[in-house]
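Heads up, the thing below is written out as C-alpha cells.
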Amino acid sequence: MNKTKIISFPDLQKAAKRQLKNIPDIREANKLASKRLKEYLAGKSYCLFTSGCQANVRDSEIIKAYLDNLNMKQIEDVNTASLILFNTCAIRENAETKIYGELGHLKPLALNDKDKIIGICGCMAQEEKPITYIKEKFPFVRLIFGTHNIDDIYSLLDEVIFNDERLIDVPSIEGSVVENYPSTRFEKYKAFVNIMYGCDNFCTYCIVPYTRGRQRSRSIESVVNEVISLKEQGYKEVTLLGQNVNAYGVDLKDENITFAKLLEEVAKTGIERVRFTTSHPAYFTLDVFDVMAKYPNIMKALHLPLQSGSDNILLRMNRHYTNEKYLYLVDELRKRIPDIYLTTDIIVGFPNETDEDFEKTIELCNKVKFDNAFTFIYSKRDGTPAAKMQDKISDKTKSERFSILQQTIDKYATINAQNMVNKTVEVLFDGVSKRDKNMISGYDNYFHLVHVKANPSIIGKILKVKIVSSHTYSLIGEICD
Ligand code: SAH
Ligand code: SF4
Ligand code: F3S
C-alpha cells in the first residue's frame, strides 16, 4: 500500500476564523508542471465528475484546463481513465453519500490497476469527518486537495505519481484572489465569471463559508477584462458568480466599488446578455434594480433566496432580514421591472420550525408567486451552529411540509408559464433538447426554458420566438420570421 502523506488536513474550526481584516491578497495561478509529469501524463485520459453549484462548475473548467494543457484527454469511461477526479459538494448530506457510493463502485477497478489515480477535491474535501472517513474506508483514493489549492494540481500529481504516495493537502485558510487561471469553458455561448470567492455570512445552517474561505472580491477591471475577452471569443451570455453578489466589494474597503457599479460596467461592455447569482436580501440595494432596468442586455431574472418566510427562523438562520424586507424588495423590483422572472431557494425543517413558521413561508409564496424555486429539507452540517440546535420535528412532518411547499411552488410556476403563451421572447439557443432530439432548447431573456422544433443550425443564435404552449417549468415556441 502507498504511504499516506498529509501536508494539511481539513480543519473546520480553523476555517471558521474570520481572519480577513485587510483587503484580500491577489496572486497569480501556478502553472508550472515538471518535465517528468508532462512526459508521464501526455496522451493519458481522465474523468472529471462535478457536483454542486456553479462555483464548482467553474473550478472544474479550470481543472480541465490544467489537465488538457498536459495533453491529457477527458473521457467518460472510468475503466480506461488513468485519473478519476471527483469535484465534490458539501451543501447537504446526500451530496456526500453519493460520493461514497461512487467510490464503492470504483473499488474493484482501483484494486486491479494500482497506477490508476482516484482523487477527491472541492467542498467535501474541506471537511474533517468525510475526509477522515475516506482516508480510512477508501485507501485507494490517492489524492485529496481542497478549494484553495486547485493550482497546486501539478505538484500534487507529481508527488502522488513519482513518490508513490497517497497525498492529502487541504489548507483551511481565508484564501486569496487567484488571477489568470488557465481555463477551458464547458459551454460555447454562455460563460460563468467569478466576481468574488468565499462567503462571510455564516448562515447558521450553511457549510460554504467553511469550505470556501472568507469573501474576496476581484477587481472591477479584472472582471470587465474577462467579459470583454469572452465577448471577443463569441460568447453571448455571462453569469456573474458569487455566493453573495450584493456584498461584492465590501472586502475591498472602497465605497465606490459596489455590485451595482460592477454590473453597470459589465453591461456597458455590450456583451449580449448578463445575469448574476446569488443575491442576498440583506445586502440588496435598490440601485441594482435601477441598473437592471436601465440596460436591455441585463437579463430580467432574479434569483433571490428566501430560505424561510418566518422572522423567527430567519433570525435563527442568521439571515439579517425579515419577511417584510423581502416583500419590500420584491415590490421595488416589480415597480421597475413588472415582468421580472423571480426565483428563490427555500429550506423546510430548520431545527424546531413550527407549523406557524412554515405557514408564514407558504403565505409569502402565495404573495410573491415565484416563477420557480429550489426547495430543500434542512440537512445538518457538522461544524455549523445549527447542527447544535435542538430539533423536535419529526422527519414525517418535514416531508409533509416539503411536499406542500413544492405543490405551492408548482401552482404559481404553472400559472406564470401559462401567462407567457402568445408572448414573443428572445431565446439564446444552446443545444438539442435532452428529452426530444427534434427540439432545440435555450433560455429567453427572462430565463424561461424554451423548446422549439427546429434545425440544430440555430444553436448559438439569439432569435425571436412566439410562445405557443406551456408546461410548469418550460415553454414551447415557434421561431418568428
Ligand atoms: N450563496 C447562496 C447559495 C448557497 S447554497 C445563498 O446564500 O443563497 C444554495 C442553497 O442551498 C441555499 O440557498 C440554501 O437554500 C440551501 N442550503 C444551504 N445549506 C443547506 C442545508 N444545510 N440544508 C438544506 N439546504 C441548504
Ligand atoms: Fe451559505 Fe449564507 Fe453564504 Fe449563502 S450567504 S453561501 S447560504 S452562508
Ligand atoms: Fe456545494 Fe461548495 Fe457550491 S458546498 S453548493 S459546491 S460552494
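Under full-length UniProt numbering, the letters of the sequence shown match residues 1 to 481, in that order.
Beta carbons are placed, not taken as given, at the ideal position from N, Cα and C, and that holds for glycine.
Q. Which residue spans inside the segment 242–302 form an unbroken beta strand (DSSP E) run of at least 3?
A. The beta strand (DSSP E) runs lying completely inside the segment 242–302 and spanning 3 residues or more are 273–277, given in chain order.
Q. Considering only the beta carbon of each residue, do LEU333 and LEU302 sit closer than 8 Å?
A. A Cβ-Cβ contact shorter than 8 Å links LEU333 with LEU302.
Q. Within the present structure, is the beta-carbon of ARG212 separated from the nearest heavy atom of ligand 3 by less than 7 Å?
A. Indeed, a heavy atom of ligand 3 lies less than 7 Å from the Cβ.
(Q) Could you tell me the alpha carbon to alpha carbon distance between PHE289 and TYR378, rounded to whole angstroms? (A) Each residue's alpha carbon lies about 31 Å from the other.
Q. Do three or more CB pairs link the segment 142–153 to the segment 27–38 at distances below 8 Å?
A. Taking 8 Å as the limit for Cβ pairs, the verdict is that the segment 27–38 does touch the segment 142–153.
Q) What first and last residue would you give for the alpha helix (DSSP H) that runs through SER222? A) Note, SER222: alpha helix (DSSP H), 220–232.
Q) Considering only C-alpha positions, which residue in the set GLU426, GLN233, GLY249 is nearest to ASN22? A) Among GLU426, GLN233, GLY249, the Cα nearest to that of ASN22 belongs to GLY249.
Q.
Could you check whether the Cβ of CYS121 sits closer than 7 Å to any heavy atom belonging to ligand 3?
A. Every heavy atom of ligand 3 is 7 Å or more from the Cβ of CYS121, so no.
Q.
Quick check on this structure: which residue in ALA191, SER457, GLY477, LYS231 has the alpha carbon closest to the alpha carbon of LYS466?
A. GLY477 is the residue among ALA191, SER457, GLY477, LYS231 whose C-alpha sits nearest the C-alpha of LYS466.
Q: Tell me whether GLN243 counts as near ligand 2, meaning its Cβ is closer than 7 Å to at least one heavy atom of that ligand.
A: Distances taken from the Cβ of GLN243 to the heavy atoms of ligand 2 include one shorter than 7 Å.
(Q) I'd like to know whether the C-beta atoms of GLU363 and GLY309 end up nearer to each other than 8 Å. (A) Yes, the pair counts as a contact, with Cβ atoms nearer than the cut-off.
**Q.** Distance between beta carbons of VAL238 and ALA267, contact taken as under 8 Å
**A.** Between VAL238 and ALA267 the Cβ distance is about 10 Å, and since that is not below 8 Å, they are no contact.
Q: Using 7 Å as the cut-off, classify the Cβ of CYS206 as near or not near the heavy atoms of ligand 1, replying yes or no.
A: Answer for CYS206: yes, Cβ within range of ligand 1.
Q: Grab the span of the beta strand (DSSP E) containing GLY101 for me, first residue to last.
A: The continuous stretches of beta strand (DSSP E) do not include GLY101, which lies in the alpha helix (DSSP H) extending over residues 93–112.
**Q.** Nearest candidate by alpha-carbon position, reference PRO24, set HIS105, CYS121, SER217
**A.** Comparing Cα positions, the closest option is SER217.
Q) Cα separation between ASP331 and LEU48? A) Their backbone Cα atoms lie some 43 Å apart in a straight line.
**Q.** Given ASP311 as reference, the closest of GLU39, GLN126, ASP357, ILE120 once Cα atoms are compared
**A.** With distances taken between Cα atoms, ASP311 lies closest to ASP357.
Q.
Whole angstroms are fine: how far does the CA of THR147 sit from the CA of GLU159?
A. Going by the C-alpha atoms only, they are around 19 Å apart.
Q. Just to check, is the beta-carbon of SER308 closer than 7 Å to a non-hydrogen atom of ligand 5?
A. Ligand 5 is not part of the structure shown, which contains ligand 1, ligand 2 and ligand 3 as its ligands.
Q: Would you give the residue range spanned by the beta strand (DSSP E) that PHE86 belongs to?
A: Taken as a continuous stretch (DSSP letters only), the beta strand (DSSP E) holding PHE86 covers 83–88.
Q. Between the C-alpha atoms of LYS38 and ALA191, what's the straight-line distance to the nearest angstrom?
A. The alpha-carbon atoms of LYS38 and ALA191 are separated by roughly 29 Å.
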